[in-house]
Amino acid sequence: MVDLRSIKALTFDVGGTVFDWHSSIVDALDRIATDRGVNIDRTQFANQWRRQMFERLADVRSGKLSWMNADQIHRDVLDDIAPDYPELGLTSTDKDDLNQVWHRLKIWPDAPDGIKRLRTRYTVVVLTVLSWAIAVDTSKAGGIEWDGILSCEFLGHYKPDAEAYHAGLKVLCVKPAEAIMVAAHYGDLRAAMKAGLYSAFVSRPGERGEGTITETEPQPDFHINAANFNDLADQLLA
Numbered sequence: 441m442v443d444l445r446s447i448k449a450l451t452f453d454v455g456g457t458v459f460d461w462h463s464s465i466v467d468a469l470d471r472i473a474t475d476r477g478v479n480i481d482r483t484q485f486a487n488q489w490r491r492q493m494f495e496r497l498a499d500v501r502s503g504k505l506s507w508m509n510a511d512q513i514h515r516d517v518l519d520d521i522a523p524d525y526p527e528l529g530l531t532s533t534d535k536d537d538l539n540q541v542w543h544r545l546k547i548w549p550d551a552p553d554g555i556k557r558l559r560t561r562y563t564v565v566v567l568t569v570l571s572w573a574i575a576v577d578t579s580k581a582g583g584i585e586w587d588g589i590l591s592c593e594f595l596g597h598y599k600p601d602a603e604a605y606h607a608g609l610k611v612l613c614v615k616p617a618e619a620i621m622v623a624a625h626y627g628d629l630r631a632a633m634k635a636g637l638y639s640a641f642v643s644r645p646g647e648r649g650e651g652t653i654t655e656t657e658p659q660p661d662f663h664i665n666a667a668n669f670n671d672l673a674d675q676l677l678a
């Protein structure tokens, strides 16, 4: 159980938890494919792009690659996967334009109101591996107001390294036991718990597209399990 009286801050994952990255990418690919009169597996492309981004990020975390932010990683990965979809004929300019989809992601419909409610009691901030610019641009376009946006690109460590969570909380002058990590991803939450934070799981069915494996079921080791952000707000504001 979480003693909510001791909680000062909520740190939010946004990619998948707040931002609907998958359908945003699929829609952008659909426009390109339609314009060129071709057909591709858009879900496969979107998930491949996202998966290989995290694989590349792991190399940055380990020091195999130099430090870079998510915009750079997303763009580099596009160069890697474009040959798998030759029918699209993506040019360098096409890939630059497509990479900008991350700055105009859709927002899950329940997010703006739920976050607004939570800010009435807690300091509510983003803690993301996405670039600061992605978090700012998408939040602004989606009408979400935060108390702050912390991108790991400026923290010296990327999640799920414990140092990333600790660095974020240090900026907030908050102890791990005074914070809850909110995410739709089991790995993020369990890493945060190892770093001493409490955990709040928000289910996002279909995050990776219809028919794909997603982490949607409540887990007994998480401190809070919520169906959506309004459910989360109901629990944390009780």
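441 is the number of the first residue of the sequence shown in the numbering used here; add one for each residue after it.
We treat Cβ as the ideally placed atom computed from N, Cα and C, and that holds for glycine.
These numbers were taken from a predicted model, which means no experiment stands behind them.
Assuming residue i contacts residue j under a Cβ cut-off of 8 Å, what Cβ separation, rounded to an integer in Å, is found between them?
i: V566; j: A575; result: 5 Å
i: S639; j: L629; result: 4 Å
i: A486; j: H514; result: A486 to H514, Cβ: 12 Å. No contact.
i: N539; j: E593; result: Actually they are not in contact, since the Cβ atoms of N539 and E593 sit about 16 Å apart, beyond 8 Å.
i: I480; j: Y525; result: 5 Å
i: H606; j: D577; result: No, H606 and D577 are not in contact; Cβ-Cβ is about 27 Å, not under 8 Å.
i: A617; j: G636; result: 6 Å
Please report the distance separating the alpha-carbon of residue i from that of residue j.
i: D550; j: F662; result: 21 Å
i: K448; j: A604; result: 18 Å
i: L676; j: L497; result: 32 Å
i: G475; j: I465; result: Gly is not the amino acid found at residue 475; the sequence shown has Asp there. Rounded to the nearest angstrom, the two C-alpha atoms are 16 Å apart.
i: M441; j: D460; result: 30 Å
i: T568; j: P523; result: 29 Å
i: E527; j: T654; result: 29 Å
i: T533; j: D671; result: 42 Å
i: G529; j: R559; result: 45 Å
i: T531; j: V541; result: 16 Å
i: M493; j: N668; result: 26 Å
i: G582; j: V478; result: 31 Å
i: C613; j: T563; result: 11 Å
i: L595; j: L570; result: 12 Å
i: L518; j: Q488; result: 10 Å
i: R445; j: A632; result: 20 Å
i: R501; j: D511; result: 16 Å
i: K615; j: L609; result: 6 Å
i: G649; j: T483; result: 6 Å
i: D516; j: T656; result: 30 Å
i: D536; j: D674; result: 41 Å
i: S506; j: D499; result: 9 Å
i: D601; j: K546; result: 27 Å
i: R490; j: A619; result: 28 Å
i: D443; j: I664; result: 12 Å
i: H597; j: G503; result: 11 Å
In this structure, how does DSSP classify residue i when only helix, strand and coil are distinguished?
i: K535; result: helix
i: G636; result: coil
i: T560; result: coil
i: M679; result: No information on residue 679 is available, as it lies outside the stretch 441 to 678 that the chain covers here.
i: A619; result: strand
i: N665; result: strand
i: G588; result: strand
i: V642; result: strand
i: H514; result: helix
i: L612; result: helix
i: L629; result: helix
i: A468; result: helix
i: I521; result: helix
i: D481; result: coil
i: R496; result: helix
Using DSSP's beta-bridge definition, name the partner residues of residue i.
i: N509; result: DSSP lists no partner for N509.
i: K546; result: D460
i: G529; result: DSSP lists no partner for G529.
i: A607; result: Per DSSP, none; premise fails for A607.
i: L567; result: L590
i: T451; result: V565, M621
Quick test of the definition: if touching needs 3 or more C-beta pairs under 8 Å, does the stretch 620–630 touch the stretch 453–460?
yes
Pair every Cβ in the stretch 545–565 with every Cβ in the stretch 471–491, then say whether three or more of these pairs are closer than 8 Å.
Verdict: no, contact absent.
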